[in-house]
Amino acid sequence: MNVPQLPIAEQASVETVWMPEGDGGDEGDSSQASEAPTPATVNAGVAGDSPRRATICLSSQAGCAVNCAFCMTALLGLQRNLSAGEIVGQVLLVLAEHGVEAERERINLVFMGQGEPFLNYDNFMQAVRLLVQGVGIAESRMTVSTSGILPRLADFAREPVRPKLAISLNCSNDEGRSRVMPINRKWNLASLLDAARKFPLRPRERITFEYVLLGGENDSAGNARELVELLRGLRAKVNLIALNAGPGIAFCTPAEEQVLAFQRVLVRGGIPAFIRRPRGRDIYAACGQLKRASEVEVASPG
Ligand code: SF4
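This is the structure we're talking about:
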């Protein structure tokens, strides 16, 4: 029989991460979660129980073009955008596997998996609307993370229905941020923070700034003090994530004491700061690691 071959881009797979009891106290962004995640791909999963609350981490693209230096997804490059149906399908698949009814349980969604959601903006926003109207998950239970695509951030600010905003910051000055996030050369910290200050927040809403701590690169007390000054006056909080080291990534995980010291500087400076506990490092399902193991072997040098 003649089996039609799909173009390579059509064969791309993405990963979705199910985190039982996933938000642990800070709704929607998993900043305080403590349980190990269960990895699920569009092809596989494990049937399980029905927890009362959970967070699902969704991919918006297969691979990513943003090329952050600490991120294993970046090693894939961009394979293709996901359709709105494929984004929603990740949620439906995981809910079905775990026997969860979204309307009854406390399900949080974070768009923090593979890809930059704001570079697949129309499909991402269409998925948000479908998830609100068709699946019954409130937008207040969703958080999207962007590396700082400013034109789309302006569009996002005008959306009548939108998730909460997280900005992936990862350094406290332009020189260092451009090293770890090349996108900073296009939209620098001043323009990004200016857009954040103008962003229309709802009552009690805060912008989350994510900061992946890279040992010896961006984790000094000086960086922490700069960060306090950058965020001063913003309704914001910071999620600190010690790097999940992996193959092909040139940075190392900072010592725990360094992470705690960084947090102390922020808190003393009046910036709420939370340490996201590493979950799933052993299976490469933690933050910045969403990349299939087989692809890691192919892509990683040596
Ligand atoms: S951290 Fe996010 S934006 Fe940066 S390369 Fe990885 S997936 Fe893309």
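This note's numbering puts the first residue of the sequence shown at 181, with every later residue one more than the last. The C-beta atom is built at its ideal place from N, Cα and C for all residues, glycine as well.
Boundaries of the alpha helix (DSSP H) in which residue i is found, first to last residue
i, result
"residue 409", "401-411"
"residue 441", "436-448"
Start-to-end residues for the beta strand (DSSP E) that takes in residue i
i, result
"residue 387", "387-393"
"residue 419", "416-422"
"residue 348", "344-348"
"residue 454", "453-455"
"residue 200", "195-200"
"residue 236", "233-237"
"residue 242", "241-243"
Assumed close pair residue i, residue j - CB separation to whole angstroms, cut-off 8 angstroms
i, j, result
"residue 360", "residue 250", "6 angstroms"
"residue 419", "residue 456", "5 angstroms"
"residue 243", "residue 262", "Actually they do not touch by this definition, with Cβ atoms about 11 angstroms apart."
"residue 295", "residue 239", "6 angstroms"
"residue 386", "residue 415", "5 angstroms"
"residue 320", "residue 292", "About 17 angstroms separates the two Cβ atoms, so there is no contact after all."
"residue 369", "residue 377", "Between residue 377 and residue 369 the Cβ distance is about 12 angstroms, and since that is not below 8 angstroms, they are no contact."
"residue 375", "residue 333", "5 angstroms"
Cα-Cα separation between residue i and residue j, rounded to whole angstroms
i, j, result
"residue 379", "residue 288", "22 angstroms"
"residue 309", "residue 341", "7 angstroms"
"residue 397", "residue 314", "44 angstroms"
"residue 196", "residue 323", "15 angstroms"
"residue 205", "residue 384", "Its pLDDT being 38, under 50, residue 205 is placed unreliably in this model, and the coordinates cannot settle the point."
"residue 444", "residue 265", "43 angstroms"
"residue 402", "residue 336", "32 angstroms"
"residue 442", "residue 400", "7 angstroms"
"residue 193", "residue 318", "27 angstroms"
"residue 221", "residue 282", "Note that residue 221 scores a pLDDT of 40, beneath 50, so its modelled location is shaky; the value from the coordinates is reported in the next line. Between residue 221 and residue 282, the C-alpha separation is close to 19 angstroms."
"residue 427", "residue 436", "21 angstroms"
"residue 290", "residue 272", "14 angstroms"
"residue 254", "residue 362", "12 angstroms"
"residue 449", "residue 343", "28 angstroms"
"residue 236", "residue 304", "15 angstroms"
"residue 353", "residue 312", "37 angstroms"
"residue 371", "residue 438", "29 angstroms"
"residue 487", "residue 285", "This structure cannot settle anything about residue 487, because the visible part of the chain is limited to 181 through 482."
"residue 373", "residue 367", "10 angstroms"
"residue 345", "residue 200", "22 angstroms"
"residue 247", "residue 432", "18 angstroms"
"residue 364", "residue 407", "16 angstroms"
"residue 267", "residue 351", "29 angstroms"
"residue 241", "residue 388", "22 angstroms"
"residue 429", "residue 338", "37 angstroms"
"residue 452", "residue 316", "31 angstroms"
"residue 422", "residue 434", "6 angstroms"
"residue 307", "residue 245", "21 angstroms"
"residue 198", "residue 252", "19 angstroms"
"residue 260", "residue 270", "16 angstroms"
"residue 447", "residue 256", "36 angstroms"
"residue 417", "residue 405", "15 angstroms"
Distance cut-off 7 angstroms: residue i Cβ against heavy atoms of the ligand ZN
i, result
"residue 248", "This structure lacks the ligand ZN; its bound ligands are the ligand SF4."
Within-8 angstroms CB hit, residue i to chain B
i, result
"residue 384", "Although the question refers to chain B, the structure presented lacks it and comprises just one protein chain."
Segment contact flag, the region 268-281 with the region 382-396, C-beta cutoff 8 angstroms, min 3 pairs: no
Complete runs of the beta strand (DSSP E) confined to the region 303-334 [at least 3 residues]: 322-326
Runs of alpha helix (DSSP H) lying entirely within the region 254-306, each at least 4 residues, in chain order: 264-277
Contact the region 398-418 vs the region 231-248: 3+ CB pairs below 8 angstroms: no
Contact between the region 299-308 and the region 327-343 (3+ Cβ pairs under 8 angstroms): yes
Runs of alpha helix (DSSP H) wholly within the region 351-376 (minimum 4 residues, chain order): 354-360
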